[in-house]
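Numbering (UniProt numbering), first residue to last: 1 to 361. Even glycine gets a Cβ: it sits at the ideal position worked out from N, Cα and C. Here the structure is a predicted model, which is why all the values come from computation and not from measurement. Everything on this sheet refers to the single structure shown next.
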């Protein structure tokens, strides 16, 4: 066991060298005996456990992060604002993650993040965040800002004229709610009067190249012993345990199996607002877990899959383990176990499956 994170759990904090020495005396003990030994040593030394509370949704912090994003985005020239887009995107997503689900703060953060996407010429992303903000409920006096942004994106993307006309009408209708004489109202009115809605980027931005992906051909032939694998099978011996063997001649370069990673986890938690927590894809329009503050997904689909596979159970625990400095290897072991239990249908069901495998050997 790693002694550093356990030191963070003790009051008063124990010396890490002492913990290392204690654990060195448990190497030959079974798990239950290890726990009893450590508990007894802690009791003798009058050590208590420091129970760390997970971070909770906090609209005040969400507002603080959103304002921080606005300062990056709007207090510079347009060129600098666009060059600063990655931190602005990350901070807005952090604001969305900290905000209470379906709250005003979350709606405002989605709306502000849509401005980043429009500057970066990610028009579909901009429209998606606008829809999210409107679905939650956006302040009446700011609706014209979102509708005009939608109008400009639709026109630039050359969407059907009827869609553009609807966005135009909603922008005009919402203009009445804006403060008379405000700078934003004047800018939107000038846009409507001009009749020119296409966006002319002030900065020539070239989107990053899509990541190179290997094209894996389909595996032909009947899958006999192993799912999504052909020409290989399991064997077992008392000396070697379970191992793979070829069931036929295999040609050099032939693909015989195709498997997905069972679970993934970010090694660097500071990237959690820019990378999907389940599929590992980079995202600039992440949607957060509705319970914790440091888990973001690239889509509602990934969010739903993760929740039902394991995150429902690890949600409040993950933040605590990260704070304690528990190594990623331990955290991914917990996630793997939780997913296996979820897929099996429960602890007893998982144990029964493992017993079946052991008997088959």
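Residue burial classification, residue 182 (beta-carbon count within 10 angstroms, cutoff 16):
The count along the chain shown starts at 1 and reaches residue 182 at position 182. Result: exposed.
Mapping DSSP to helix, strand and coil, what is residue 29?
Taking the first residue of the chain shown as position 1, residue 29 is located at position 29. Of the three classes helix, strand and coil, the one that applies to residue 29 here is coil, per DSSP.
Secondary structure of residue 24, DSSP reduced to three states:
Numbered from 1 along the chain shown, position 24 holds the residue referred to as residue 24. Residue 24: helix per DSSP, three-state reduction.
Buried or exposed, going by whether 16 or more other CB atoms sit within 10 Å of the CB of residue 176?
Translated into the one-based positions of the chain shown, residue 176 becomes position 176. Exposed, by the Cβ-count rule.
Every unbroken beta strand (DSSP E) inside the segment 99-172 [3 residues or more]:
none
Cβ neighbours of residue 59 in the same chain (closer than 7 Å, five flanking residues each side left out):
Here residue 59 refers to the residue found at position 59 of the chain shown. The residues are 99, 100, 103, 105.
Taking 8 Å as the threshold (C-beta atoms), are residue 353 and residue 265 in contact?
Walking along the chain shown from the start, residue 265 turns up at place 265. Walking along the chain shown from the start, residue 353 turns up at place 353. In this structure, residue 353 does not lie closer than 8 Å to residue 265 by Cβ.
Assigned exposure category for residue 45 - 16 Cβ within 10 Å defines buried:
To locate residue 45, count along the chain shown from 1; it is residue 45. Exposed: under 16 other Cβ atoms inside 10 Å.
Determine the contact status of residue 149 and residue 114, defining contact as a CB-CB distance below 8 Å.
Sequence index remark: in the chain shown, residue 149 carries index 149 (1-based). Sequence index remark: in the chain shown, residue 114 carries index 114 (1-based). Yes. Within cutoff.
How is residue 328 classed by DSSP in three states: helix, strand or coil?
As a position in the chain shown, residue 328 is number 328, starting the count at 1. Helix.
Closer than 7 Å to a non-hydrogen atom of the ligand COA - does that hold for the CB of residue 263?
Absent from the structure shown: the ligand COA. Ligands present: none.
Please say whether residue 184 and residue 145 have beta carbons closer to each other than 8 Å?
The count along the chain shown starts at 1 and reaches residue 145 at position 145. The count along the chain shown starts at 1 and reaches residue 184 at position 184. Taking 8 Å as the Cβ cut-off, residue 145 and residue 184 qualify as a contacting pair.
Buried/exposed call for residue 78, threshold 16 Cβ in 10 Å
Locating residue 78 in the chain shown gives position 78, where the first residue counts as 1. With a pLDDT of 49 at residue 78, under the threshold of 50, the modelled position of that residue is not reliable, and the figure given next carries that caveat. Classification for residue 78: exposed.
In terms of alpha-carbon separation, which member of 169, 64, 93, 35 lies closest to residue 289?
For this step, residue 289 is matched to residue 289 along the chain shown. When only C-alpha atoms are compared, the closest one is 93.
Exposure of residue 29, with buried meaning 16 or more beta-carbon neighbours within 10 Å:
Looking up residue 29 in the chain shown gives position 29. When all chains shown are included, residue 29 counts as exposed.
If you measure between the beta carbons of residue 297 and residue 285, is that distance less than 8 Å?
Position 297 of the chain shown, counted from the start, is the residue given in the question as residue 297. Position 285 of the chain shown, counted from the start, is the residue given in the question as residue 285. For residue 297 and residue 285, no; Cβs fall outside 8 Å.
Helix, strand or coil, according to DSSP, for residue 46 in the structure here?
What you label residue 46 is simply residue 46 of the chain shown in a count that begins at 1. Here residue 46 sits in coil by DSSP.
Would you kindly work out how many angstroms separate the C-alpha atoms of residue 141 and residue 343, rounded to a whole number?
If you number the chain shown from 1, residue 141 lands on position 141. If you number the chain shown from 1, residue 343 lands on position 343. When rounded, the distance between both Cα atoms is 48 Å.
Can you look up residue 345 in the DSSP assignment and give me helix, strand or coil?
Stepping through the chain shown from its first residue, residue 345 is reached at position 345. Residue 345: coil per DSSP, three-state reduction.
Cβ-based neighbour list, residue 157, same chain, cut-off 6 Å, excluding 5 preceding and 5 following
One-based indexing of the chain shown puts residue 157 at position 157. Only 123 meet the Cβ criterion.
Determine which residues share a DSSP beta bridge with residue 288 and list them.
Taking the chain shown and counting its residues from 1, one reaches residue 288 at position 288. Note: residue 288 sits in a beta bridge opposite 296.
Is the CB-CB distance between residue 351 and residue 310 below 8 Å?
As a working mapping, residue 351 is identified with position 351 in the chain shown. As a working mapping, residue 310 is identified with position 310 in the chain shown. No.
Could you check whether residue 42 and residue 26 sit closer than 8 Å to each other, using their CB atoms as the reference points?
In the chain shown, counting from the first residue as 1, residue 26 sits at position 26. In the chain shown, counting from the first residue as 1, residue 42 sits at position 42. No.
Return the chain-ordered list of same chain residues with a C-beta closer than 6 Å to the C-beta of residue 130, the five sequence neighbours on each side being excluded.
In the chain shown, counting from the first residue as 1, residue 130 sits at position 130. Hits under 6 Å: 114, 146, 150.
Go ahead and pull the three-state DSSP assignment for residue 244.
Taking the chain shown and counting its residues from 1, the one referred to as residue 244 is at position 244. DSSP places residue 244 in strand when its eight states are reduced to three.
Express the C-alpha separation of residue 21 and residue 302 in angstroms, rounding to a whole number.
What you label residue 302 is simply residue 302 of the chain shown in a count that begins at 1. What you label residue 21 is simply residue 21 of the chain shown in a count that begins at 1. Each residue's Cα considered, the two are about 43 Å apart.
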